[in-house]
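Protein chains in written order, with this note's numbering: chain Z, 41 to 459; chain P, 85 to 596; chain U, 1088 to 1433; chain C, 55 to 425. Notes for the one structure printed next.
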Ligand SMILES: Nc1ncnc2c1ncn2[C@@H]1O[C@H](COP(=O)(O)OP(=O)(O)OP(=O)(O)O)[C@@H](O)[C@H]1O
Ligand SMILES: Nc1ncnc2c1ncn2[C@@H]1O[C@H](COP(=O)(O)OP(=O)(O)OP(=O)(O)O)[C@@H](O)[C@H]1O
Ligand SMILES: [Mg+2]
Ligand SMILES: [Mg+2]
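Below, the structure written as structure tokens:
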């Protein structure tokens, strides 16, 4: 559309933005910026825990099950099936992974978790794909069934085992954890020195390289694999096309039902794997109610991440991180108040510059309130600190969500040959 | 013979869509299929493409009998189809849309991209494989659809109403493409309601009526009128030449209407427009040049950045949709399914839609179901809506009958102005004539009518004045008595500027 | 009227237990003697097998069952249930003919009060509640001085800590758990007024998953250890397993709760348990049932505190030095004598 | 079958009955496969409930009904309000605090407290509504977040206002004065307990839901928006305002959910207040197909199963959570059965339309021939 007259400004703009145009560079800049902000925040507030290796590792531990559930959601919704039943599939995964791990060891446990979730996925797939049941109804029903089934099966199969009971499994064998050899201790001593940026970097690297569970590595692998399969292979193209326009896919000979089915099945398996992580890595037993709504959070993280693996990972990490910060105590939540105040200030100023007076002013007022809260208190009450992950997610979405776009045919019931 | 169809019968619950259809298509020809809405053309083509399965009958391709269970079977024997409604995933790239389902041919990467470029060049389609389909205009989408078919190496192309959404220039381009394909030895099966097009491009014509083949004719032997009569099976009513009823009383006037766009260019720029009582003002233009915005500004669905809209002596610029409708402006929307109907609600509730605050639909804050139903019965009778009852859902009516219901409803409430956006799109000739009559009647009754249409014949036939809209500006005024389709077409595309400069119309589905 | 009902019941049970020795030999199924007392236990959420509070109650009942040959059953609460559901559970037990019904957990207070009033011939016990809501002529209210036991383990932590920094992980932020924290704080501060105490609650009511989410327990404890704490006390039910795991990894100490967790926790982590705050629900339940079998009227509030050894600390594994234990005994004596009053709120 | 009304009735009755049988069979299969006592389970689940239990069923259904109606208002608009859980918690807490102050006498206190609950629930929902309308945040995700935030906020506030009673480990808001406690009605003969007085509330809400949705302009606009947003806009509905209104309405109704519990049973808001009603409401609204009468039946069925399941552990030795499996299967079975009948219905309808059109056409052609 642009003709000669427009070419000059476009060229002028191209130079500085060329770095930003490269997605990898953009990510790198984002990460670097985040790190600097964290370092600054740590130095200013003295809350050394906010990027300690422990906090990062804990954030990872809390993020992985959410990320797995979210990845499950991604597979399903990319194929056009809304999956509100992730929670139920995850619950099934916790029980079955515990059952398998107890009887046959941790590796079978991991597999068992995936299988348990798969059963949930199977039910959801049959209902939504073949029977054309409303996706939400099916998901809600699945959550109810998952909850009941895990509890019922636990009381049926764990009650008489040593250390087990109707609501919990016996202790389970854990899959191994790995570390990059030789860097743990040097990094730790570096981290303990609390030098601006250097210690922060050391902490983060240490958190990511020391004592990482194989299941965490598997999860990362699954993210890369999902991205590759969905965006770089013919199979993935077909699966996504089914979520964007099933009629078009059908007209080109793609078996829509089959791809939707596969999408939901994989979805269940991944959510189940998230359950297995909870029983085998995050703890070492099955407990009734262990998932604590992480399936829903995973769904939220997926929406947050704009139905893309990278964004989803960022969403889960944000959630896991804030949850870790508040669970570990140590003034992290209080420190984050300052961060929020500064960010709100920046957003407010930016909006004022763009001429949006009302939202701008609102952000500034909010920023002032949060800053006042930070300076007037020393801690955040535990009840409120617990809401940090949810507040953060909501805030970020409130500022960023208008760019989100779900698969065009997501949630629509597809029937072969129209109608 | 490229395709031979024999004795095809297809029954749907309660309907026989195809009944003993027999015809043959010669290789390297363009073969047209004509018939009223619901005659069974699309069904037949879907059978040919394996989307649906015939109950009886055989299909031969290149003399070989084939068994088509799914589109893949059809693709295998070299059949490709461009559907009546585009089959494209908006949020995927052209490349992805094209290779989908045919990934085995050239992969999904560079190889495929090169192949697309090659085909695009060879047939002059001008397609960029990396573009998002959502960003493409209707014409480009049409070409992507054709490319999809060519990419699969199809030897037989089925085009189901490919021209319904194209403007004359685009139609010409398409026909050039078709001739090129024909020269390459490809066979084209082509469906259209625009009979002059059919006559100009087809080598053979098969007419279908009520699901059966009633005639096979040579385009050289018939004219459009004879063809239409073959389709409907009776003589068509002659359109009466009507006296001008234009008065000098302005009912709707737009002054300096401007609407800023996102990319610097105004969607609407300084629009000045007067509509008099008893006048039909036609707007001609390539889709996406501001027609939709114009209508939405008048109806209060969007706010212009500047300018005023006056209804008689009242400034209605700031009014809400509902107030505007209450003030006596009727609205026949462009897309009846999206803007005109609640498909899963019964007809009588659809009669209320858009007039939820007006009698006879309501009494105070309450719905007056009894009166609404009675009035729906009246509309069904007066406007000849073919329906078993007013309690069936709107979805169970055919498109033409849905449109007649909408026209009836809006006429009932349009006391001063009627805004009619593509009122006969996708409607067969019979219903078309009926709707035209209704519009003339409205004019006769002293309404001011704004008619927007892509059908230039319709515009010329109905309007008292024709204005052309180009890139958000009203650029020309024509007298329908003297203007020709060619003149209009030139004005619509801005005859003095290069063709590339015409903004690509966007799919109406994306205007949210 | 109630009194007479009780005494009648009393006489029959006494008769029953009087003839225990002879009936026990003749009963073929179990070696235990038979009694007319039929016990129904209504668990709180979590139920049997929570390795904590509910399990302790079950242990008490099981012991009594084995000893006195009682017929017993139990039923568990469902998460987030309605008051009517709790009432119904008790009613079902009454309907099924159970003579002594034990409700485990303060959530049952109102239901016990109501159902006990409607069924004056049935005996009830409630654990962790002594309010007017559950009071009745046929209700035994068994409560504990958790703060006193917690005081001692708090002192133990302060005495053992090398860093002068300890932690507390509560499962769900309810007053009962705050009681543990309050005692723990007081005990630690009694030893070392400058001690630093981290505290985290895993969830807020009505989200009770904090009692069953080891992942969260682990994260919270990890934060404390890595922040410099070397001893963490948990009152978090099943989430405590995560606290132990974290202690093991951080080579720190953990303090168990309710039962002697150096005996009940998973084998691998037992050696990190410095001590456990004992809340002898099992003893309370057993005592109550023993009284019932003997026909004594157990109605009224029985407070299990340090004085009666209803709460305390464990020494399994000998992780605390004799010195420390001596000091703890000292504190214990002062609490029993009333010299130290332990607060039960923060 | 030719009369559409008779047909609709038969189809809509047939589906749930069929579904119940399917659920029965599937659950039995599960039990058998795992070696549990199928007979005992069904004897427990299907035994005639005692009068006391019937009261419980009705009472349970009352709160579930309110919750489901709150959800259904959203569904009618294509809004998925997962936030009923948080909204009713906020509403119940606010009402409990207000009523506990006893600023107003007796019934007046109740009425105003109910309004307070609706306002609080509505305000809480308005956050999600605002985020959706102004910021485009999906209500699914915002209400999930807001539920958790409500939990934290209410716990924090509860600690601020809580009163402790001697000897009790529970905390709650100040108990509402005796004059504002509702004793309930002796509706079930032979029952020792009473049906919540606020049964009236459920009846009124159900009636208003039906009346407003199907008889008023507002209801028409709301349904129109739910069935086609674009058509609604073109018809003059202000969709953003409609989203705001209906989400807030849904939240206000959610605020009512705790009222029967508060005034008829618990008399204060505390840690033992019933939780999770919002999620049950989703299932029930779907089961009752968003229809006021359908939801009533669904709520009664749900509550019946809940109540009967209480005895499972005692009488059949099976975990009471089995009832969740049964409820889930029923939900599946019912929607699948509805889908089946829907397809049948469409087919029958089409045949009818085609037949009648054909006869009309025939009539016309003969007319034409005659002329
Ligand atoms: N899937 C279907 N189920 C039931 N009936 C159908 C189905 N598809 C088509 N029909 C019926 O078959 C008839 C033929 O429809 P078809 O779409 O082939 O008409 P057409 O000639 O393509 O009309 P148009 O010119 O409007 O495109 C329709 O009138 C309709 O009644
Ligand atoms: N897949 C289908 N299933 C059932 N009925 C159908 C189907 N497709 C079409 N019909 C029915 O066929 C009739 C005509 O449909 P059709 O789409 O051909 O009408 P039309 O006049 O071409 O409308 P439009 O112009 O909107 O395409 C209607 O009664 C419609 O209900
Ligand atoms: Mg059609
Ligand atoms: Mg067609």
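By construction, the Cβ of each residue, glycine as well, lies at the ideal position given by its N, Cα and C atoms.
Buried or exposed by the 16-neighbour rule on C-beta atoms within 10 Å, applied to residue i
{"i": "residue 1215/U", "result": "buried"}
{"i": "residue 1153/U", "result": "exposed"}
{"i": "residue 77/C", "result": "buried"}
{"i": "residue 64/Z", "result": "exposed"}
{"i": "residue 194/P", "result": "exposed"}
{"i": "residue 265/Z", "result": "exposed"}
{"i": "residue 47/Z", "result": "With a pLDDT of 36 at residue 47/Z, under the threshold of 50, the predicted position of this residue should be treated as unreliable, and no value is reported."}
{"i": "residue 391/Z", "result": "buried"}
{"i": "residue 146/Z", "result": "buried"}
{"i": "residue 1417/U", "result": "exposed"}
Cross-chain neighbours of residue i in chain P, by beta carbon under 7 Å
{"i": "residue 429/C", "result": "Residue 429/C lies beyond the residue range present for chain C, which begins at 55 and ends at 425; the question has no answer from this structure."}
Residue i - containing beta strand (DSSP E), residue span
{"i": "residue 443/P", "result": "That residue, residue 443/P, is in no beta strand (DSSP E); it is neither H nor E in DSSP."}
{"i": "residue 1340/U", "result": "1340-1345"}
Listed by chain order, chain P residues near residue i by CB distance under 8 Å
{"i": "residue 271/C", "result": "440, 441, 446, 449, 450 and 451"}
{"i": "residue 66/C", "result": "The contacting residues do not exist; residue 66/C stays about 16 Å from chain P at best."}
{"i": "residue 284/Z", "result": "173, 174, 175 and 176"}
Residue i (DSSP reduced to helix, strand or coil)
{"i": "residue 79/Z", "result": "helix"}
{"i": "residue 253/Z", "result": "strand"}
{"i": "residue 149/P", "result": "strand"}
{"i": "residue 1358/U", "result": "helix"}
{"i": "residue 394/Z", "result": "coil"}
{"i": "residue 1130/U", "result": "strand"}
{"i": "residue 104/C", "result": "coil"}
{"i": "residue 136/C", "result": "coil"}
{"i": "residue 446/Z", "result": "coil"}
{"i": "residue 1433/U", "result": "coil"}
Residue i beta carbon near ligand 6 (any heavy atom closer than 7 Å)
{"i": "residue 528/P", "result": "Ligands in the displayed structure: ligand 1, ligand 2, ligand 3 and ligand 4; ligand 6 is not one of them."}
Supposed close pair residue i, residue j - CB separation, criterion 8 Å
{"i": "residue 1172/U", "j": "residue 1165/U", "result": "7 Å"}
{"i": "residue 137/C", "j": "residue 184/Z", "result": "Contact flag wrong, Cβ pair sits at about 18 Å."}
{"i": "residue 326/Z", "j": "residue 208/Z", "result": "6 Å"}
{"i": "residue 320/Z", "j": "residue 215/Z", "result": "6 Å"}
{"i": "residue 349/Z", "j": "residue 267/Z", "result": "5 Å"}
Residues that residue i contacts on chain U, provided the C-beta gap is smaller than 7 Å
{"i": "residue 277/Z", "result": "Near residue 277/Z there are no residues of chain U at all, since even the closest Cβ is about 37 Å away, more than 7 Å."}
{"i": "residue 196/Z", "result": "None at all; the shortest Cβ gap to chain U is about 12 Å."}
Residue i, enclosing alpha helix (DSSP H) - first and last residue
{"i": "residue 1332/U", "result": "1327-1337"}
Partner residues on chain C for residue i, Cβ-Cβ distance less than 7 Å
{"i": "residue 343/Z", "result": "192 and 195"}
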